[in-house]
Amino acid sequence: MSDPRITSSIFTRGAVDLSTLRGPAPASTRPGTPPQGGPSAGTPGTPGTPAAGGNAAIVDVTEATIQADVLERSLALPVVVFFGAAGFPESDEFAPVLERLAAEGNGAWVLARVDVQENPRIAQMFRVQGIPMVYAVVGGQPVDAFSGVVPEAQLRQWIQAVLKAGGVAVAEPEDPRLDEADDALMSGDLDAAERAYRKILADAPADAAAEAGLAQVGVARRVAGADPAAALAAAESAPDDVAAQLLAADVEVLSGQAEQAYARLVGLVRRTAGEDRETVRQHLVSLFTIAGPDDPAVASARRALASALF
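Take the sequence shown: its letters are residues 1 to 310, numbered as in UniProt numbering.
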């Protein structure tokens with residue numbers, strides 16, 4: 001799973017041991033827990049009881065309820081555990097974002113909020129060093145975590161990965177920023193389209209749709225003002241002219257003849273060397289980005305490119 005803030009997952013180092021939380025702690029160690037009979041119905045933190053606001057996808061967790069609200073519930077649904085505390089700016093800023101996404105999830109996952117000031121023992125068990133900190137728990141076990149505040153777009157991707165890890169079928173969320181970028185591209189405002197795609201990629205560097213859009217901007221710029229027929233004719237008459245072949249490949253991609261463009265450039269890779277060869281290779285890879293890695297023509301062309309190179 002992709003961690004938005006750390007590359008080496010703390011779980012690979014055995015940092016979290018939830019075994020001591022599987023049974024209820026003694027009453028004297030449960031902050032705010034009544035000495036007899038447990039919390040009354042409707043009290044925040046009661047197993048299965050929504051947090052303030054009435055949203056069942058958000059629960060407030062204490063030591064008395066973590067087994068039911070996190071460990072047991074994660075056997076059915078992914079649980080995202082948020083460690084924070086009121087009065088801490090980053091925590092106060094990030095909590096509403098998570099809460100909104102939990103509400104949007106419509107029950108696909110649960111947000112479990114832990115106030116570290118009220119529940120220091122839970123924070124200690126999870127090795128929380130600073131707040132905000134977020135854990136994903138699936139099947140009774142933590143599967144990923146990150147600390148600090150991350151951009152919403154990146155957070156959405158992380159939650160999607162958590163849901164997939166929990167076996168939840170998820171639809172790719174629509175990004176209105178992508179629609180705006182695509183509209184700018186279609187209208188010919190290439191500068192606005194480039195800015196919009198780059199902004200998306202700044203938040204989500206692996207966004208395939210934005211990468212494809214940015215590559216399309218590049219093609220549109222390169223063919224601007226060119227006569228398609230003349231470009232193809234020039235390439236036909238000068239098969240080893242790198243610039244002519246690259247322009248012809250761009251024209252073919254925009255004309256719906258991507259496979260022909262790929263074959264043209266793979267052949268050129270075979271006939272060139274040094275800087276020219278690298279220029280052609282990079283150009284071809286940028287054209288692959290437009291179609292995406294799952295396109296069968298791209299997969300075939302990549303194999304042909306590898307053969308040409310090695």
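Where a beta carbon is used, it is the ideal one built from N, C-alpha and C, also for glycine.
Report task. Tell whether a beta-carbon distance below 8 Å holds between Val266 and Ala308. Result -> Position 266 of the sequence shown holds residue 266. Position 308 of the sequence shown holds residue 308. Going by C-beta atoms, Val266 is nearer than 8 Å to Ala308.
### Message
For a test of the three-state rule: what should DSSP assign to Leu111, helix, strand or coil?
### Response
On the sequence shown, position 111 is the one that residue 111 refers to. Three-state result, Leu111: strand.
* To do: Look at the alpha carbon of Pro31 and the alpha carbon of Ala112, and state the distance between them as a whole number of angstroms.
  => As a first step, residue 31 is located in the sequence shown; it is residue number 31 there, counting from the start. As a first step, residue 112 is located in the sequence shown; it is residue number 112 there, counting from the start. Unreliable placement is indicated for Pro31, whose pLDDT of 32 sits below 50; the coordinate value is still reported in the next sentence. Taking the straight line from one Cα to the other gives about 17 Å.
(Q) Could you compute how far the alpha carbon of Leu284 sits from the alpha carbon of Glu194? (A) Locating residue 284 in the sequence shown gives position 284, where the first residue counts as 1. Locating residue 194 in the sequence shown gives position 194, where the first residue counts as 1. Their backbone Cα atoms lie some 20 Å apart in a straight line.
Next item on the list: Mind reading off the beta-carbon distance from Val298 to Ala291? Whole number of angstroms is fine, and I expect it under 8 Å.
Entry: Taking the sequence shown and counting its residues from 1, one reaches residue 298 at position 298. Taking the sequence shown and counting its residues from 1, one reaches residue 291 at position 291. Indeed, because the Cβ distance is near 5 Å, the residues count as touching under 8 Å.
#### Entry: Residue range of the unbroken alpha helix (DSSP H) whose run includes Gln282
Within the sequence shown, residue 282 is the residue found at index 282, counting from 1. Here the alpha helix (DSSP H) through Gln282 covers Gly274 to Ala291.
Requested in this report: Give me the Cα-Cα distance between Pro44 and Val70, rounded to the nearest whole angstrom.
Outcome: Residue 44 sits at position 44 when you count from the first residue of the sequence shown. Residue 70 sits at position 70 when you count from the first residue of the sequence shown. With a pLDDT of 34 at Pro44, under the threshold of 50, the modelled position of that residue is not reliable, and no figure is offered here.
Report yes if the CB atom of Val253 is closer than 8 Å to the CB atom of Val219, and no otherwise.
-> To locate residue 253, count along the sequence shown from 1; it is residue 253. To locate residue 219, count along the sequence shown from 1; it is residue 219. For Val253 and Val219, yes; Cβs fall inside 8 Å.
Q) Measuring from the CB of Ala192, is there a heavy atom of the ligand ATP at a distance below 7 Å? A) Ligands in the displayed structure: none, and consequently the ligand ATP is not present.
DSSP on Asp144, reduced to helix/strand/coil?
Your numbering for residue 144 matches position 144 in the sequence shown. It is a strand residue.
What is the DSSP secondary structure of Val116, reduced to helix, strand or coil? Position 116 of the sequence shown, counting from 1, holds the residue named residue 116. The answer is coil: DSSP assigns Val116 none of H, G, I, E or B.
**Message:** Would the segment 95-115 count as touching the segment 143-159 if we require 3 or more Cβ pairs under 8 Å?
**Reply:** yes
* Asked: Residue range of the beta strand (DSSP E) that Gly84 falls in?
  -> In the sequence shown, counting from the first residue as 1, residue 84 sits at position 84. Unbroken beta strand (DSSP E) run through Gly84: Val79 to Gly84.
Check your understanding: Can you give the Cα-Cα distance for Asn106 and Gln124, rounded to whole angstroms?
Key -> Walking along the sequence shown from the start, residue 106 turns up at place 106. Walking along the sequence shown from the start, residue 124 turns up at place 124. Whole-angstrom Cα-Cα distance: 31 Å.
Exercise. What is the DSSP secondary structure of Ile58, counted as helix, strand or coil?
Worked result: Here residue 58 corresponds to residue number 58 of the sequence shown, with the count starting at 1. Looking at Ile58 - three-state DSSP - the assignment turns out to be strand.
Between the CA atoms of Gly148 and Leu190 - distance to the nearest angstrom: As a working note, residue 190 is residue 190 in the sequence shown. As a working note, residue 148 is residue 148 in the sequence shown. So the alpha carbons of these two residues sit roughly 35 Å apart.
Item to complete: Rank Glu72, Ala64 and Ala68 by C-alpha distance to the C-alpha of Glu118 and give the top, closest one.
Response: Taking the sequence shown and counting its residues from 1, one reaches residue 118 at position 118. Of the candidates Glu72, Ala64 and Ala68, the one whose C-alpha sits nearest the C-alpha of Glu118 is Ala64.
Is Ala301 buried or exposed, if buried means 16 or more other CB atoms sit within 10 Å of its CB? The residue labelled residue 301 in the question sits at position 301 within the sequence shown. Ala301 is buried by the Cβ-count criterion.
In the DSSP assignment, find the unbroken alpha helix (DSSP H) run with Pro208 in it and report its ends.
Position 208 of the sequence shown holds residue 208. Per the sequence presented here, residue 208 reads as Ala, with Pro not at that position. Element bounds for Ala208: Ala208 to Val223.
Suppose contacts are defined by Cβ-Cβ distances below 8 Å. Is Phe83 in contact with Val128 by that definition? By 1-based counting over the sequence shown, the position of residue 83 is 83. By 1-based counting over the sequence shown, the position of residue 128 is 128. Cβ distance < 8 Å, so Phe83 and Val128 count as in contact.
Per-residue burial, Phe310 [other beta carbons within 10 Å of its own, 16 or more giving buried]
Indexing the sequence shown from 1 puts residue 310 at position 310. By the 10 Å Cβ count, Phe310 comes out exposed.
The segment 229-236 touching the segment 268-278, judged by at least three CB pairs closer than 8 Å:
no
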